[in-house]
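See below for the structure under consideration.
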Amino acid sequence: MASTIIAVDEDNFEAEVVNSALPVLIDFWAPWCAPCRALLPALEALAPMYSDALKIVKIDIDASPALKAKFNVQSIPQLYLASAGAPIARLVSRTRTQLAAELDDILP
1 MASTIIAVDE DNFEAEVVNS ALPVLIDFWA PWCAPCRALL PALEALAPMY
51 SDALKIVKID IDASPALKAK FNVQSIPQLY LASAGAPIAR LVSRTRTQLA
101 AELDDILP
């Protein structure tokens, strides 16, 4: 599997998230969001560590308002673990170590 973060929008959501064989960690973000930019290095570090267990994608809420509404995103950054396009867990950690611990608790 890919060890990079994939940009997802309303056009490729079904292909990248709904039809993914792996669970998908979705990062809802926006380019103007400083905390979102601060979270990026942690996600980039996790991508190769979990490449066999999950896919990591980023969704720009400004470019994909329907997905923002579908997941009821009220603030960013917001992280969801999804399976078949539906959220199965919301992650609240912001450091690589904390996120890894949360993922280890959730993933089989």
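Using the UniProt record's numbering, the final residue of the sequence shown is 108, and nothing's skipped along the way. Ideal Cβ placement from N, Cα and C applies to all residues, glycine included.
* Asked: Mind checking Asp-60: buried by the 16 CB within 10 Å criterion, or exposed?
  -> Classification of Asp-60: buried, given that the 10 Å Cβ count is 16 or more.
* Asked: Where DSSP assigns a beta bridge to Lys-55, which residues make up the other side?
  -> Answer is Val-24.
* Val-18 and Ala-69: beta carbons closer than 8 Å? -> Cβ distance not < 8 Å, so Val-18 and Ala-69 don't count as in contact.
* To which residues of the same chain is Asp-62 closer than 7 Å at the C-beta, ignoring the five residues directly before and after it? -> Closer than 7 Å at the Cβ level, and outside the excluded window around Asp-62, lie Ala-30.
* Buried or exposed (CB count within 10 angstroms, at least 16 for buried), Val-57 -> The residue is buried, with at least 16 neighbouring Cβ atoms inside 10 Å.
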